[in-house]
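See structure below.
Residue numbers (this note's numbering): 2 to 398.
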């Protein structure tokens, strides 16, 4: 009986294993670990604590602090918009995707640790550290996505994309647990006590990215490409893509639609901490619990999307998740105007989490399906450019 139970548990575990049946499970895991690693910057820096620190500690007052945070985000995103297609074309031309991915990750992790040294009035230093860190993070996100068509097939693109997305949210859950433990353990109640969290974010990024450095493979480049100059070759590839744009009309149409709904996603991610504090009066613990709930529902959403997207279709999946997202964000916006019970807020937050988990994963997979093999970094650079420009609009608005 004991032996049979052990076998049954093993079978159940195999069914739940997201890497089961993949021809390259170790590489997919290593790819997904970067999603897990860079969650520390998304969560601790962008969404939760650093914006509150800039607003409440670095800036002279809260109003100018909120404006500064917005300008830092929109300015760095504009730089990403300008750089993304060129960096993508360069990475494809020279097969530098992995080198650039690791380089941007190391830069972002190092600068994130340096945030801990910022104090009251350090506005210039905040800009000098945050802007390149955010640029490096976002370029790295594009480069990571560009590996998707190489490690997945059209038949499992949604599953592989969702696996990485879910790993990112698992990382977020672990980071939230560490953050809560540090806040409660040390009795931190005010933003000026947050700098150790920035060090945690940088160290996490570096440590969790090690499997990506070791096991993610760079495909060999064409020897003929190495004879041309780096900059000239990148521009030549971009020009060729522009000339052949009509061949990729379906992708361009999707990117136009993606830009519209990405505006809302970027605004929520970037200003969630400030909105929860100013709009709903959340303290650090309540804010963390809110993000925890979003992360749990987003993780479940990413897993479910990964299971169904390849079967029901990418467009249908994105449409369904967007409907849930609109329900959640519209409801929360209504709560800011009406005096509704707090339990309504927590229920609606689940819809926002479902949207966050499904929208990004499903959109990334759809771009992967539409991307030609020789231009993965270039096309995901265009995807990143669209997403980041949506961030500029969402943050500035």
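Virtual Cβ for every residue (Gly too), placed ideally from N, Cα, C.
Minimum Cα-Cα distance from residue 394 among the listed residues 263, 156, 173 and 385 corresponds to 263. Sixteen is the threshold: since fewer than 16 other Cβ atoms of the shown chains lie within 10 Å of the Cβ of residue 331, the residue is exposed.
The DSSP assignment places complete alpha helix (DSSP H) segments of no fewer than 4 residues inside the region 13-100 at 26-41, 50-54 and 63-95, in order along the chain.
Residues 212, 213, 215, 216 and 217 of the same chain have their beta carbon placed closer than 8 Å to that of residue 31, with the five preceding and five following residues left out of the count. With fewer than 16 other Cβ atoms inside 10 Å of its own Cβ, residue 347 counts as exposed.
Judged by DSSP secondary structure, residue 151 falls within the alpha helix (DSSP H) whose first and last residues are 149-152.
In the three-state DSSP reduction, residue 157 falls in the coil class, being neither helix nor strand. Apart from sequence neighbours up to five positions away, the residues of its chain that approach residue 371 with a beta-carbon distance below 8 Å are 249, 251, 252, 255 and 380, ordered along the chain.
In this structure the region 109-121 touches the region 54-61; the number of beta carbon pairs closer than 8 Å is three or more.
Residue 111 and residue 129 have their C-alpha atoms spaced approximately 13 Å apart.
Between residue 162 and residue 174, the beta carbon gap of about 19 Å keeps them out of contact (Cβ cut-off 8 Å). Using a 10 angstroms sphere on the CB of residue 341, the tally of other CB atoms stays under 16, which defines it as exposed. Excluding the 5 residues flanking it on each side, residue 385 has same chain C-beta neighbours closer than 8 Å at 81, 85, 89, 139, 140, 142, 143 and 146, in chain order. Between the region 153-169 and the region 300-311, the count of Cβ pairs shorter than 8 Å is three or higher; the stretches touch. Going by C-alpha positions, residue 328 is about 8 Å away from residue 353. Going by C-alpha positions, residue 320 is about 14 Å away from residue 311. Counting only the Cα atoms, residue 387 lies some 23 Å from residue 96. In the DSSP assignment, residue 189 falls outside any alpha helix (DSSP H), carrying neither H nor E. Residue 358 is positioned such that its CB atom lies closer than 9 Å to that of residue 298.
Look at residue 340 here: in three-state DSSP terms it is coil, with no helix or strand label.
With fewer than 16 neighbouring CB atoms inside 10 Å of its own CB, residue 339 falls in the exposed class. Cβ-Cβ distances below 6 Å link residue 296 to 170, 173 and 174 in the same chain, with the five nearest sequence neighbours on each side left out; the list follows chain order. With a threshold of 16 other beta carbon atoms within 10 Å, residue 208 falls short and is exposed.
Closest option to residue 293, judged by alpha-carbon separation, among 194, 258, 200 and 45: 45. With a beta-carbon spacing of about 7 Å, residue 51 and residue 199 fall inside the 8 Å limit used to define contacts.
In this structure, the alpha-carbon of residue 333 lies about 16 Å from that of residue 267. Taking residue 362 as the centre and dropping the five residues before and after it, the same chain places the C-beta of 162, 163, 166, 303 and 306 closer than 6 Å to its C-beta, in chain order. Take the alpha-carbon of residue 367 and the one of residue 258: they are about 13 Å apart.
Spatial neighbours of residue 101 in its own chain (CB-CB distance under 6 Å, excluding positions within 5 residues in sequence) are listed in chain order as 92 and 144.
For the options 125, 65 and 195, the alpha carbon positioned closest to that of residue 285 is the one of 195. The Cβ neighbour count for residue 325, taken over all protein chains shown within 10 Å, is at least 16; the residue is labelled buried. Inclusion of residue 383 and residue 356 in the CB contact set at 9 Å is not warranted, their separation being larger than that value. Sequence-distant partners of residue 349 (beyond 5 residues in either direction) whose C-beta falls short of 6 Å from its own C-beta, in its chain, are 329, 332 and 333.
Relative to the Cα of residue 190, the nearest Cα in the group 210, 39 and 283 belongs to 283. Between residue 316 and residue 152, the alpha-carbon positions lie close to 22 Å from each other.
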